[in-house]
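Each protein sequence line maps, in turn, to chains A and B. Residue numbers for the first sequence, in our numbering: 786 to 1191. Residue numbers for the second sequence, in our numbering: 5 to 415. We put the CB at the ideal spot given by N, CA and C, even for glycine. Let me begin by presenting the structure, written as structure tokens, before commenting on it.
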Amino acid sequence: MSGPLTGLRVLELCGPVGQYAGKLLADMGADVVKVEPPDGGEARSIGPFVDDVPGPNRSLSFWYWNTNKRSVVLDLERPGDREVWLRLAEAADIVIEDRRPGELEGLGAGYAMVAERRPGLIWCAVTGFGQDGPWAGYETTDMVSLALGGAMMMNGYDPEDAPGAPPIRGHGDQGYATGCHYAVQGILAALLWRDRTGEGQFIDCSVHEAVSSTTEVALPYWFTQRVDVIRQTGRHAAASRTERWLHRAADGRWALIFGVGRDNASWRRVRAWFQSKGFGQQFDEPRFDDPAARQPGRGSPEAAEIFAELGRFIAAHPAEEVYRGGQERRQAWGVVRSPEENLSDPHWEDRGFWVAVEGEGREGRPVRMPGAPYRFSVTPWGLRRPAPKLGEHTAEVLREWLGTET
Amino acid sequence: MAELPLSGIRVCDLTWVIAGPTATRILADFGAEVIRVEHGQAADPIRLGRPIAGERPTLNNSGFFNYFNRNKKSVLLNVRHPQGMEVLRRLVAVSDVVIENFSSGVLESWGLDEAAMRAVNPRVISCSISGFGHTGRDRHFTTWGPTAQALSGLTMMSGLPGKPPAGWGYSYLDHTAGYLAAIAVMMALHYRNLTGEGQTIDIAQVETGMVLTGPAVLDFTVNGRSWRREGMPPGNRAWEPRVAPHNTYRCAGEDRWVAVAVRNDAEWAALRAAMGEPAWAAEERFATNAGRLANEDALDAGIEAWTRERDAYEVMAVLQAAGVPAGVCQAAGDRVERDPQLAARGWWATLPHAELGEAETDGVAPRLSRTPGTNRTASPLLGEHTREVMLGTLGMSAEEYEELEAMGVFM
């Protein structure tokens, strides 16, 4: 079995901003060719590196965001290579690039040069701010995109936890990832249009707009009530302060508690569990029977008492035990894990989530990393090849796509 | 009306809360006919979610609901009624996509498992978003966005060293699971265009976060380094690439901040010049990235001494003019009222709504030159399109509709 995009040719000219869009297509079967500068550019210069030794083929960031792609080296400053780029673009179904607005046009290597000769081509430009507007020429980074897009202003601390703390960024290039999620939505919508009509088009995807559309309740609050939400430690930003969700467990880790016993059946299960461990003996009193009285945020003394006892209970148990015990009693509780701690949770093994790759410095010694974000019954996600070495497929791709021998 | 790229695609939308409606918002923006199947006795809680217009929730006055459900239709259907279930099967039979985000097992309890769905519509694309997926020993566990974020590692990756996790401040993974579901559905539609074959898609919300932690996982599997270590998470300082200065800096006014990211020596020189070449910044210890990283506290203090007297937007403009990446930490109000980029690109729109008035909304992020996504209607009132869909889409006679209505099927 192979992915739903098998047979599609995608040409990618992307660094850290847009390369995840290429991965999303490549992992589902598209033949994605990544065009890279002779030194590999920024994408290969980002750590961490294998054994902390830098090198174009040793970036773990590159390993992750470039699975299933092939690499072709071209120097777009050179006219001969620019010609090859244009011919590759003409041979492609989809082009994804994250150069500054106008940069490729300035080199004579942009969409307009190809579109006329290849009307079915879908060309997606992923940029910090879009192709036009007063900030089109602004520099961006992942953090800058999360600042301007509004994500950071929702994330941070209660003043008593960290006085004067700034808005906080979530790590892992989430602004770029969000931009790429929207870019791929656009590419696929354009592909469905092309399936019907044969027509291609240009897609202008702004990371700023993508992040700005990914702030949940913030815009609705402004639209509806002209209120800006305030940030709080480890929980949702809200119009006013709410109860805490994070509770420190006996092992120093954090359990995330999202309501307790919302319905009576789950309340009885939680109560029995607490009482079996010597907590919450008072919960038998009838005043705890009303579900509304058990919910936080309404000033209920019963809710305050439940959450205080919950805090004592959690402080006496390891966080993973709290998480599993809660879930087994139908509470949507969590535990704050470090990303790699999921490697030892057998549920993900059951689902075959992890995949293994080899690469420079780890030849013959495969290492695990995350696999599929979705499971397709007919055309599954698949790891066909690890991220390419710099220029590994230049000759092969020119032969296959252009029929040229180098 | 201009044709849209998903015109002619019908989505039977059984989703609620945020993750599922995010997926169908995207499909609807691009022209799919999205029919929300709703239940009066177990309404989508977001229909009651704040912010609301007015004093009390009415099921139709939530700005929260409106934001995620524009361009859709709503039908009321009692699926616990045998006739209601039959109507749902008829809707499935004429839909291209069925999508739900119940906990694993709920649809089966309705008698609409995979086999039943495929029996009425072999070509259907069915997409499920649940917390832990439909396979695996913990498949019956459940999540809200924050639960999934905590488990995936994303919560841990956001915060100041020595402090509790800060992240994420909202349900980032409700958005993200919805985005990936929309992507998956469109990929499956493309495959069906080629082959005629439908399929089933299983999305676990926790996994949609785990796939966004890849380099951190690899740092462990390759280098044995855990994110859980001294000095981590690094707040707004850079993780990788390790560059400095890279942080948020306080500006004039209450709770105003600018994010500044210097990626190399040239940008450091540009930042120094933009600050007016202060003497402290010329010190040898700040001349290289390694030196700046070793003296990050002093470096950040020096920069903040300059920013804190200044307006955040002015700092951004000065730094961007010098080629230094900088951005104001904008709240929603800033984006709507002050952001010249979003305004210039026509990002904001209003759509008339019976209880919200001229309800504000935002645009469609990927701008397709030929067939852009559009804002056509505000969110539907509960059951607004029941009759229209039953008579029009399912071809019921008025008599049949009224008979079913009298039996309590449409509630």
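Inter-residue spacing [alpha-carbon to alpha-carbon] between residue i and residue j
{"i": "residue 74/B", "j": "residue 379/B", "result": "7 Å"}
{"i": "residue 1152/A", "j": "residue 805/A", "result": "20 Å"}
{"i": "residue 956/A", "j": "residue 1069/A", "result": "44 Å"}
{"i": "residue 942/A", "j": "residue 176/B", "result": "17 Å"}
{"i": "residue 394/B", "j": "residue 186/B", "result": "26 Å"}
{"i": "residue 21/B", "j": "residue 895/A", "result": "42 Å"}
{"i": "residue 57/B", "j": "residue 19/B", "result": "23 Å"}
{"i": "residue 290/B", "j": "residue 276/B", "result": "11 Å"}
{"i": "residue 1007/A", "j": "residue 921/A", "result": "25 Å"}
{"i": "residue 7/B", "j": "residue 794/A", "result": "26 Å"}
{"i": "residue 1023/A", "j": "residue 1009/A", "result": "14 Å"}
{"i": "residue 1028/A", "j": "residue 1081/A", "result": "7 Å"}
{"i": "residue 122/B", "j": "residue 203/B", "result": "9 Å"}
{"i": "residue 67/B", "j": "residue 50/B", "result": "9 Å"}
{"i": "residue 934/A", "j": "residue 85/B", "result": "45 Å"}
{"i": "residue 278/B", "j": "residue 323/B", "result": "6 Å"}
{"i": "residue 1115/A", "j": "residue 944/A", "result": "33 Å"}
{"i": "residue 195/B", "j": "residue 811/A", "result": "15 Å"}
{"i": "residue 326/B", "j": "residue 274/B", "result": "6 Å"}
{"i": "residue 1003/A", "j": "residue 1148/A", "result": "47 Å"}
{"i": "residue 140/B", "j": "residue 1161/A", "result": "16 Å"}
Residue-level contact to chain A via CB, residue i, 8 Å cutoff
{"i": "residue 276/B", "result": "no"}
{"i": "residue 203/B", "result": "yes"}
{"i": "residue 209/B", "result": "no"}
{"i": "residue 194/B", "result": "yes"}
{"i": "residue 356/B", "result": "no"}
{"i": "residue 117/B", "result": "no"}
{"i": "residue 179/B", "result": "yes"}
{"i": "residue 102/B", "result": "no"}
{"i": "residue 67/B", "result": "yes"}
{"i": "residue 87/B", "result": "no"}
{"i": "residue 292/B", "result": "no"}
{"i": "residue 183/B", "result": "yes"}
Among the options, nearest to residue i - alpha-carbon criterion
{"i": "residue 1020/A", "options": "312/B, 186/B and 148/B", "result": "148/B"}
{"i": "residue 996/A", "options": "927/A, 826/A and 1110/A", "result": "927/A"}
{"i": "residue 1074/A", "options": "1066/A, 1080/A and 1049/A", "result": "1049/A"}
{"i": "residue 1184/A", "options": "1117/A, 887/A, 876/A and 888/A", "result": "876/A"}
{"i": "residue 60/B", "options": "366/B, 359/B and 392/B", "result": "359/B"}
{"i": "residue 832/A", "options": "849/A, 1116/A and 1118/A", "result": "849/A"}
{"i": "residue 129/B", "options": "259/B, 201/B and 222/B", "result": "201/B"}
{"i": "residue 890/A", "options": "1071/A, 1104/A and 871/A", "result": "871/A"}
{"i": "residue 390/B", "options": "310/B, 415/B and 347/B", "result": "415/B"}
{"i": "residue 349/B", "options": "1046/A, 1025/A and 990/A", "result": "990/A"}
{"i": "residue 37/B", "options": "411/B, 408/B and 377/B", "result": "377/B"}
{"i": "residue 798/A", "options": "788/A, 857/A, 1089/A and 1095/A", "result": "857/A"}
{"i": "residue 1096/A", "options": "1137/A, 1078/A and 1064/A", "result": "1064/A"}
{"i": "residue 250/B", "options": "330/B, 373/B, 340/B and 257/B", "result": "330/B"}
{"i": "residue 341/B", "options": "326/B, 325/B and 364/B", "result": "364/B"}
{"i": "residue 109/B", "options": "236/B, 383/B and 133/B", "result": "133/B"}
Cβ separation of residue i and residue j, assumed to be a contact under 8 Å, to the nearest whole Å
{"i": "residue 1143/A", "j": "residue 1171/A", "result": "6 Å"}
{"i": "residue 880/A", "j": "residue 796/A", "result": "5 Å"}
{"i": "residue 1033/A", "j": "residue 173/B", "result": "With a Cβ gap of about 20 Å, residue 1033/A and residue 173/B do not count as contacting."}
{"i": "residue 182/B", "j": "residue 27/B", "result": "4 Å"}
{"i": "residue 81/B", "j": "residue 413/B", "result": "7 Å"}
{"i": "residue 245/B", "j": "residue 845/A", "result": "In fact, because the Cβ distance is near 12 Å, the residues do not count as touching under 8 Å."}
{"i": "residue 1159/A", "j": "residue 184/B", "result": "6 Å"}
{"i": "residue 131/B", "j": "residue 208/B", "result": "Contact flag wrong, Cβ pair sits at about 12 Å."}
Distance cut-off 7 Å: residue i Cβ against heavy atoms of the ligand ATP
{"i": "residue 1104/A", "result": "This structure lacks the ligand ATP, and indeed carries no ligand of any kind."}
Any C-beta of chain B under 8 Å from that of residue i
{"i": "residue 1127/A", "result": "yes"}
{"i": "residue 1114/A", "result": "no"}
{"i": "residue 794/A", "result": "no"}
{"i": "residue 836/A", "result": "yes"}
### Message
So if I threshold CB-CB distances at 8 Å, which residues from the region 303-336 of chain B count as touching chain E?
### Response
Absent here is chain E; the protein component of the structure consists of chains A and B.
### Query
Given a limit of 7 Å on CB to CB distance, which residues of the region 962-990 of chain A reach chain B?
The region 962-990 of chain A vs chain B, Cβ under 7 Å: 962, 966, 967, 968, 969, 970, 971, 973, 974, 975, 976, 977, 978, 980, 984, 986, 987, 988, 989 and 990.
### Query
the region 884-912 of chain A: which residues have C-beta closer than 7 Å to a C-beta of chain B, in chain order?
Cβ contacts with chain B come from no residue of the region 884-912 of chain A.
### Task
Scan the region 148-162 of chain B for residues whose Cβ lies nearer than 9 Å to a Cβ of chain A and list them as they occur along the chain.
When CB distances to chain A are screened at a threshold of 9 Å, the residues of the region 148-162 of chain B falling below it are 148, 149, 150, 151, 152, 153, 154, 155, 156, 157, 158, 159, 160, 161 and 162, in chain order.
### Message
Using a Cβ-Cβ cutoff of 8 Å, what residues of the region 218-234 of chain B are near chain A? List them in chain order.
### Response
Those residues of the region 218-234 of chain B that come within reach of chain A (Cβ to Cβ, closer than 8 Å) are 218, 219, 220, 221, 222, 223, 224, 225, 226, 227, 229, 230, 231 and 232.
### Task
Identify each residue in the region 164-176 of chain B for which the Cβ-Cβ distance to at least one residue of chain A is less than 8 Å, and report them in chain order.
Taking 8 Å as the Cβ-Cβ cut-off against chain A, the residues of the region 164-176 of chain B that qualify are 164, 167, 168, 169, 170, 171, 172, 173, 174, 175 and 176.
### Message
Please identify, using Cβ separations under 9 Å, the residues of the region 46-57 of chain B that lie next to chain A, in order along the chain.
### Response
Using a CB distance below 9 Å, the part of the region 46-57 of chain B facing chain A consists of 53, 54, 55, 56 and 57, ordered along the chain.
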